[in-house]
Structure formats: structure tokens, C-alpha cells
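Chemist: Residue 774, in this note's numbering, is where the sequence shown stops; the numbers in between run on with no holes.
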Amino acid sequence: GVAYSKHIVHIYSYHGGDDLRNQLEIEAHAGSVNDLAFSYPNKQLCVVTCGEDRLIKVWDAVTGTRQYTFEGHEAPVYSVCPHHKENIQFIFSTATDGKIKAWLYDNVGSRVDYNAPGHSSTTMAYSADGTRLFSCGTNKEGDSYIVEWNESEGAVKRTYHGLGKRSAGVVQFDTTKNRFLAAGDEFIIKYWDMDNTNLLTTTDVEGGLPASPCIRFNKEGILLAVSTNENSIKILANTDGIRLLRTVENRPFDASRVACAAVVKAPTLGTFGAANATVGSSIIERAAPIASMVAMNGDNRSLADVKPRIADESVDKTRIWKLTEINEPSQCRSLRLPDNIMAMRVSRLMYTNSGLAILALAANAVHRLWKWQRNDRNLTGKATASVVPQLWQPSSGILMTNDSSDTNPEDAFPCFALSKNDSYVMSVSGGKISLFNMMTFKTMTTFMPPPPAATFLAFHPQDNNIIAIGMEDSSIQIYNVRVDEVKIKLKGHQKRITGLAFSNVLNVLVSSGADSQLCVWSTDGWEKQTTKYLQIPAGRASAPLADTRVQFHQDQIHLLAVHETQIAIYEAPKLECLKQWVPREASGPITHATYSCDSQSIYVSFEDGSVGVLTASTLRLRCRINPTSYLPTNSSSRVYPLVIAAHPSEPNQFALGLTDGGVYILEPLESEGKWGTSPPLENGAGPSTTSGAASSDQPQR
74 GVAYSKHIVH IYSYHGGDDL RNQLEIEAHA GSVNDLAFSY PNKQLCVVTC
124 GEDRLIKVWD AVTGTRQYTF EGHEAPVYSV CPHHKENIQF IFSTATDGKI
174 KAWLYDNVGS RVDYNAPGHS STTMAYSADG TRLFSCGTNK EGDSYIVEWN
224 ESEGAVKRTY HGLGKRSAGV VQFDTTKNRF LAAGDEFIIK YWDMDNTNLL
274 TTTDVEGGLP ASPCIRFNKE GILLAVSTNE NSIKILANTD GIRLLRTVEN
324 RPFDASRVAC AAVVKAPTLG TFGAANATVG SSIIERAAPI ASMVAMNGDN
374 RSLADVKPRI ADESVDKTRI WKLTEINEPS QCRSLRLPDN IMAMRVSRLM
424 YTNSGLAILA LAANAVHRLW KWQRNDRNLT GKATASVVPQ LWQPSSGILM
474 TNDSSDTNPE DAFPCFALSK NDSYVMSVSG GKISLFNMMT FKTMTTFMPP
524 PPAATFLAFH PQDNNIIAIG MEDSSIQIYN VRVDEVKIKL KGHQKRITGL
574 AFSNVLNVLV SSGADSQLCV WSTDGWEKQT TKYLQIPAGR ASAPLADTRV
624 QFHQDQIHLL AVHETQIAIY EAPKLECLKQ WVPREASGPI THATYSCDSQ
674 SIYVSFEDGS VGVLTASTLR LRCRINPTSY LPTNSSSRVY PLVIAAHPSE
724 PNQFALGLTD GGVYILEPLE SEGKWGTSPP LENGAGPSTT SGAASSDQPQ
774 R
């Protein structure tokens, strides 16, 4: 199939050798036809097209009869990606405004509505076995993104690094062999291993490429076609590909070369009449998605479920979703960590990056460290609710205790940050900042005596010697530990700093304060880029100096903001509020929240002792863990979590730090495997909501 820039699609039939015949000419769209792909719904070969007229259309590939027209995009439709999972056939479509929609072969309308990273013009593609979904796109500013999606959640699972900062055109990509990704960018071809976000290798194919060349693997992944500046196509080949080309063309090839230099001039296709001879080709069919080829070859292997809501709608409409409530100790796995130190409320809590230990900072400025041992009951040695850890201290018996100077620790704003290799922790409880060795508990150095006191600490992700220090006087100091020097002081808040988060992808630092304000700072020159105030829900009272915490999603673009009145998701760096969730008033204020390690869930703790589990992509509550399931029933005082931490590699495990000094680990039962199931989306709407729109776990009055 060939799509043209002036409303027409040509379909050819291939009969072997050089026998390529005119099959159909379809007047498909008003304006340009931007993409087309073959699909095989109901064992009928179809061609799916999209165009400048914002429509997606499905045609019988043999007769040219139109089968379906899908309306719903608000901008020209840029690409289509048909696919199937088991017996569910569907189509992803993307528009130039960055919206992604999904359609079943019916007239009900779009089933989902996602935002492509950076609101970019995006193409989507599956791995060869149809189990992994990827997308690649470029927005109007020239920023390009290549990501892997979690289909069931509609969220970015992994963001690959290495694309250029300012792409001249839309970057094109493809997948091969269930293992590799390739993209044409910056006049070269770039390659990634699907399981590694860092660039694997590049090749310039001996030059002659445009800035953003089109690329396409053959089905076996042994040949790669690349468009050139000369209106030609270069064919790159691995050893198997060169062997194939030898047999097909019977011409000599040098197998030792990195890329085969065979250049193929595009042949003249059979014409459909002189009237169409001047119409310029816009996009040649980007190789039917692998799953469509599989279906056409009659292979009905079982594939993973498509988005549950699509499957549910077409398979079982009678299933009724219900919020999972955890009320009894028998409904989950919980463990209070052993403690022989005087109980004081837990101010800060985190897992080590290895997942082998948990570190807590209490209100009395004392740290506690629990370590799990590797043994027959715990083969990985990682934190688990099934095995009691050791409250660890070095043989010297010393404790890691922060300097509190003349400050009452109860009145301080304790905080700490851990180095990437878990060797050092930087911590403060109202006095000087201390740097501790995590193996010996020795104080390596102290610096920055108050006033003003430090209130939040964050290591620079690319340089452990650089730390961002939020201060009580509302400033942020960028400090170099190695040379004991403040590089720059950032001013933009009116109240103390309560949160800091770096983004590697965007090269920004986001700060939050007790003034309910968010600020974005460039880490290149430390200038302020954006500020935004939280939208306090109507009718909700907020403490005058309530903390606001910030944390980046795994994609390093979406930002979680946590306030006692709400959970909100923003898109950096412009801080557009994408979603807001307001809890029911009966739960009391939110005390803390965090993403799970895979960013698919958000764990939220409340003053009534409960913990909510939200689906991150939709901000819908799917599970409520009530305090009766993990706290002893004979507790005379009101006890609740102040802080919550997510395990770095177990997405369904989290830890709670309580007002009575206790630290608990919670996990779902092994038979369940996760905390509840995501609620279905109402009326087929996707997780993206209007900017600033509020959702709640209580019925709207």
C-alpha cells in the first residue's frame, strides 16, 4: 500500500518475481493521507488509513469498500498501529497534538485517551512477539522521545536515552527480534537493547542520510532499509542478510563490512492513470505490524491480555468492579521491624537502593538501619515482610545521630538523602548537616550550621558531590561537598522548602515549598523556568504551612505532587496539571505518598491510619488498606503513618513509618500478588483528564 499527500491510497498485489499489479485506488481522506497499515479483523484483510481530516478509516483491501470510520481526534491523525491480543482486535492511533487513542472494530468510539511523551507526533510499534509496546515521536520544539509502554496501565514504563535535543524532523523508529530498537536521528542510525535505556551503538552507514531518515527492518530482522538524501534506499544487512542478498541478487557482498552498501533506486510503480501521475508519495506503508502478519499466516498463539478495559467491554460486560478493602491481618502480609531503641515518631524513611535494608530517621535525630540476611528463607537477601531483619549496628555500638545544636529536634524538619551506592547518607535534624558512613556509622563531616536550617536534601543524579539543599528561609543552595562551596543560591519560594526532585531527562530541578508553590529550575544554568501554585480543592481547609512533596515518575517527565489535601500529577517542565485526586474527608489529611518502584501505583498514607493504593495513570483508588489489618488492636493511643517508602525493585511492597516510632513492611498475599485491580474507566474515557480536573474516591454530591 502507498499513501499520498493528496487524499489517495494505492493498493498493489504482488505475484512473485517483478510482477507487481495495480489492485485498488481509494480516495481515502480530505487532504493528505498520513499513514496506512494492514490489519486482519474477522479473518478479512483490511487496510487502515488516517489523514489530515482527523479521521481513521478501515477499508476492505480486496474490494476497497469502507468498513469503519473512527472520529474523535482533535488534530490531524499522524499514524496508526493495528494489533490484536488473543481474540481482541484493535487499533492505536496518534495525532499531531500528541493524543493517543485506541479503537475496537465497532462504532462505539475511542476506548482510551493517552498523552504521548512531550505531546509529540508519535508512531507506535510492537515487539515481534506482540508482547511489548513502544513509541517514538518528536514534538514541535524538536524534542524526541522513545519509550516503552505498560499497556495495562497506559503509562510509560521505560524511557530510552540518546536521541538528539533538537530534531529537524520527526524521528522514525522500528523494532526487531524482540530485543532491539533502532531510530534514524542526527543523520545516523541509533540502536538500543530493549532492556537497557542507554544507547547501544550507532552507525552512519557511510553518510548520505537525511537528519531523520525513515528506517524499516524486514520481518526476520536481518535487513534494514534506510532512506537517503538521493531519493534512494540503502539496505543494511547482518551476516544472514548478506547471505540472503547473495542468493536473491547473485552479486558479491563484503561480509566484513559493518553495513552493506547496496543502494536501491525506487522503481517506477505501475500507474493508475495520467491524472494521478504528479501526486507525490507521502508515506510508503511502514511494514504491517508483526502481529498482523502473524494473524495472516494463521498463527493463533495466545498473547498477553490487551488493556483490561478493552477486553472486558468486548468479552464480559457483566463483570462489576469493586474497591479492594483490606481489613484483617489475614488479608495481607505485614511485619513490624524489631526495635530496642526508645520509640520516637519516624520523620523520614527509605529503602537502600539495593533493596537490602531500610533506614529510618526519628524525631530525636537518631537513625535506625535494618538489614536482611541472605538465607534459605530469603534467597535474595532483599527486604521482605516474610523474614524478620536485624536492627543493625557496627561493633563499636555507636549510633548515627544528627547534630541538633540548640534546636529542639521536635521542632525541626528532619530530612536525609542516600548516595547511589548506599555508602553514605546525608542527614539533618535542625542543626548542621551530617555526612555518615553507612558501614561504620562514623560522621565523615558536618557543614552548614543554622540559621537557616536545612529542610530538604537531594543528591544531583549525575554527580554525588553536588547536593541541592532546601532551606528554612525559602532558598535553595546548590552545594559542592568536595570543595565545601555553595555554587549558587536559588530564590523563588516564600516559605521553607519541603521537597526537591531532579529529572535526568529534562535536566531540571523541581522544588516545592510550604507556600504550596512548585518551581522548575534548569540544572544547566540554574535559572528559574516555571512556577505554579497547587490548586487547593474547593471546600478543603489546608494548614497554613503544609508540606508539599514532589517525586518524578520513572519517565522523568511526569511529576507527583503530594499535599495534605490532594495528589496531583504535573507534566514538567511547564507544570501543566494533568490530574488531581482528592481523598474522602473521613480519611483525614494525607500524611505522605510515593510512587511504587515501577511508577504504576501510588501509595498514599492518611491520618486515620489507612493506606490507599492508586493506579498512577488514572489516579483511581483501587485498594484501601485499613489500620486494623496491620496495627495491633490493643493500641491505646492514636497511631498512624507519617511517612511511606516504596521498595526499589518490588512494586507491591512498601514500608510505613509511624507516629509511635514503629516501622512496618506491607505486602499483598502471595496468592493475590498485587493490591487490588484497577477500576474500569467510565464511558470509555481514558486516564487523561482536563487540566486541573479533580477526581475523588467519594461520590460527587
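Even glycine gets a Cβ: it sits at the ideal position worked out from N, Cα and C.
1. If distances are taken between C-alpha atoms only, which option among Val131, Gly586, Gly734 and Ile393 comes closest to Ser710?
2. Kindly list the residues whose CB is nearer than 8 Å to the CB of Thr270, restricted to its own chain and excluding five residues on each side of it in sequence; keep chain order.
3. Pick out whichever of Ile738, Ile164 and Ile540 has its Cα sitting closest to the Cα of Ala458.
4. Tell me the rounded alpha-carbon separation between Asp92 and Val321.
5. Ordered along the chain, which non-local residues of its own chain (more than five positions away) have a Cβ less than 8 Å from that of Glu558?
6. Looking at the unbroken beta strand (DSSP E) that takes in Leu309, where does it start and where does it end?
7. Does DSSP classify Asp372 as helix, strand or coil?
8. DSSP three-state call for Ser547: helix, strand or coil?
9. Are Arg613 and Val655 touching if we call contact CB-CB under 8 Å?
10. Could you check if Gly171 is buried or exposed, using at least 16 other CB atoms within 10 Å of its CB as the buried criterion?
11. Tell me, please, which residues DSSP counts as bridged to Gly257.
12. Which first and last residues belong to the beta strand (DSSP E) in which Ile164 is found?
13. Relative to the C-alpha of Asp536, which candidate in Lys564, Ser492, Ser496 and Phe529 has its C-alpha closest?
14. Let me know the secondary structure DSSP gives Ser78 once reduced to three states.
15. For the beta strand (DSSP E) containing His631, name the first residue and the last one.
16. Restricting to runs no shorter than 3 residues, where is the beta strand (DSSP E) found entirely within the region 409-458?
17. What number of angstroms, rounded off, separates the C-alpha of Tyr77 from the C-alpha of Asn304?
18. Does the distance from the C-beta atom of Ser407 to that of Ser674 stay below 8 Å?
19. Which residues in the same chain as Gly145 place their Cβ atom closer than 7 Å to its Cβ, once the five residues preceding and following it in sequence are excluded?
20. Relative to the C-alpha of Pro714, which residue among Lys562, Thr312, Thr275 and Ala433 is closest?
21. Flag this pair as yes or no: are the beta carbons of Leu429 and Ala456 separated by less than 8 Å?
22. Please list, in chain order, all residues of the same chain as Val131 whose beta carbon is under 6 Å from its beta carbon, the five residues on each side excluded.
23. Measure the Cβ-Cβ separation of Val578 and Ile630 and say whether it is below 8 Å.
24. Within the same chain, show all residues whose beta-carbon is closer than 8 Å to that of Val776, passing over the 5 residues directly before and after it, in chain order.
25. What is the rounded straight-line gap between the Cα of Asp179 and the Cα of Ile164?
26. Tell me whether Asn373 is buried or exposed, calling it buried when 16 or more other Cβ atoms sit within 10 Å of its Cβ.
27. Where does Glu644 land, buried or exposed, given buried means 16+ other C-beta within 10 angstroms?
28. Taking all protein chains shown into account, do 16 or more other C-beta atoms lie within 10 angstroms of the C-beta of Ser403, making it buried, or fewer, making it exposed?
29. Taking the beta strand (DSSP E) that Gln653 falls in, what are its first and last residues?
30. Applying the 10 Å Cβ sphere with the 16-neighbour rule, what's the burial state of Val498?
31. If I measure Cβ to Cβ from His626 and keep anything under 6 Å in the same chain, skipping five residues before and after, which residues do I get?
32. Just to confirm the assignment, what range does the beta strand (DSSP E) spanning Pro610 have?
33. Under a three-way DSSP split, which group does Gly191 fall into?
34. So, Ser225 versus Gly257, is the Cβ gap smaller than 8 Å?
35. Could you tell me the alpha carbon to alpha carbon distance between Thr169 and Asp247, rounded to whole angstroms?
36. Hey, is Val75's beta-carbon within less than 8 Å of any beta-carbon in chain C?
Modeler: Walking through what the data contain:
1. Start at 1 with the first residue of the sequence shown, and residue 710 comes out as number 637. Considering only alpha carbons, the answer is Gly734.
2. Position 197 of the sequence shown holds residue 270. Excluding sequence neighbours, Thr270 sits near Arg231, Thr232, Tyr233 and His234.
3. Within the sequence shown, numbered from 1, the residue matching residue 458 stands at position 385. The shortest Cα separation from Ala458 among Ile738, Ile164 and Ile540 belongs to Ile738.
4. The residue you call residue 92 lines up with position 19 of the sequence shown. The residue you call residue 321 lines up with position 248 of the sequence shown. The alpha-carbon atoms of Asp92 and Val321 are separated by roughly 16 Å.
5. Counting from one through the sequence shown, the residue named residue 558 turns up at place 485. Cβ within range, chain order: Tyr552.
6. On the sequence shown, position 236 is the one that residue 309 refers to. Taken as a continuous stretch (DSSP letters only), the beta strand (DSSP E) holding Leu309 covers Ser305 to Ala310.
7. Locating residue 372 in the sequence shown gives position 299, counting from the first residue. A caution first: Asp372 carries a pLDDT of 33, below 50, which makes its placement in the model unreliable, though a value can still be read off. Asp372: coil per DSSP, three-state reduction.
8. For the purposes of this step, residue 547 is taken as residue 474 along the sequence shown, with counting starting at 1. In the structure shown, the three-state DSSP call for Ser547 is coil.
9. Within the sequence shown, numbered from 1, the residue matching residue 613 stands at position 540. Within the sequence shown, numbered from 1, the residue matching residue 655 stands at position 582. Between Arg613 and Val655, the C-beta gap is smaller than 8 Å, which places the two residues in contact.
10. Looking up residue 171 in the sequence shown gives position 98. Its Cβ being crowded by 16 or more others within 10 Å, Gly171 is buried.
11. Taking the first residue of the sequence shown as position 1, residue 257 is located at position 184. Paired residues: Gln245 and Ile262.
12. Translated into positions along the sequence shown, residue 164 becomes position 91. Element bounds for Ile164: Ile161 to Ala168.
13. Residue mapping note: residue 536 aligns to position 463 of the sequence shown, counting from 1. Here the closest residue by C-alpha is Ser492.
14. The residue labelled residue 78 in the question sits at position 5 within the sequence shown. DSSP places Ser78 in coil when its eight states are reduced to three.
15. Here residue 631 corresponds to residue number 558 of the sequence shown, with the count starting at 1. It spans His631 to His636 - the beta strand (DSSP E) in which His631 sits, taken as one unbroken run.
16. Taken in chain order, the complete beta strand (DSSP E) segments of 3 or more residues contained in the region 409-458 are 419-424, 430-435 and 440-444.
17. The residue labelled residue 77 in the question sits at position 4 within the sequence shown. The residue labelled residue 304 in the question sits at position 231 within the sequence shown. Cα-Cα distance, rounded: 16 Å.
18. As a working note, residue 407 is residue 334 in the sequence shown. As a working note, residue 674 is residue 601 in the sequence shown. It is not a contact, given that the beta carbons lie outside the stated cut-off.
19. Here residue 145 corresponds to residue number 72 of the sequence shown, with the count starting at 1. Lys174, Gly182 and Ser183, listed in sequence order.
20. Residue numbering aside, residue 714 sits at position 641 when the sequence shown is read from its first letter. Among Lys562, Thr312, Thr275 and Ala433, the Cα nearest to that of Pro714 is on Ala433.
21. Your numbering for residue 429 matches position 356 in the sequence shown. Your numbering for residue 456 matches position 383 in the sequence shown. Between Leu429 and Ala456, the C-beta gap is smaller than 8 Å, which places the two residues in contact.
22. As a first step, residue 131 is located in the sequence shown; it is residue number 58 there, counting from the start. Around Val131: Cys119, Val121, Gln140 and Tyr141.
23. Locating residue 578 in the sequence shown gives position 505, where the first residue counts as 1. Locating residue 630 in the sequence shown gives position 557, where the first residue counts as 1. Yes, these two residues count as a Cβ contact at 8 Å.
24. Since the displayed the chain opens at 74 and closes at 774, residue 776 lies outside it and no answer follows.
25. Residue numbering aside, residue 179 sits at position 106 when the sequence shown is read from its first letter. Residue numbering aside, residue 164 sits at position 91 when the sequence shown is read from its first letter. Answer to the nearest angstrom: the Cα atoms are 11 Å apart.
26. Residue 373 sits at position 300 when you count from the first residue of the sequence shown. A caution first: Asn373 carries a pLDDT of 33, below 50, which makes its placement in the model unreliable, though a value can still be read off. Around the beta carbon of Asn373, fewer than 16 other beta carbons sit within 10 angstroms, so the residue counts as exposed.
27. Residue 644 sits at position 571 when you count from the first residue of the sequence shown. Buried.
28. Within the sequence shown, numbered from 1, the residue matching residue 403 stands at position 330. Label assigned to Ser403: exposed.
29. Translated into the one-based positions of the sequence shown, residue 653 becomes position 580. Gln653 -> beta strand (DSSP E) spans Glu649 to Val655.
30. If you number the sequence shown from 1, residue 498 lands on position 425. Val498 is classed as buried because its beta carbon has at least 16 other beta carbons within 10 Å across all chains shown.
31. Your numbering for residue 626 matches position 553 in the sequence shown. The beta carbon of His626 sits closer than 6 Å to the beta carbons of Ser672 from its chain, once the five residues preceding and following it are set aside; these are given in chain order.
32. The residue labelled residue 610 in the question sits at position 537 within the sequence shown. Neither: Pro610 is in no beta strand (DSSP E) and is coded neither H nor E.
33. In the sequence shown, counting from the first residue as 1, residue 191 sits at position 118. In this structure, DSSP gives Gly191 a helical state, which the three-state scheme calls helix.
34. For the purposes of this step, residue 225 is taken as residue 152 along the sequence shown, with counting starting at 1. For the purposes of this step, residue 257 is taken as residue 184 along the sequence shown, with counting starting at 1. Contact: no.
35. Counting from one through the sequence shown, the residue named residue 169 turns up at place 96. Counting from one through the sequence shown, the residue named residue 247 turns up at place 174. Cα-Cα distance, rounded: 19 Å.
36. No chain C appears in this structure, which consists of one protein chain only.
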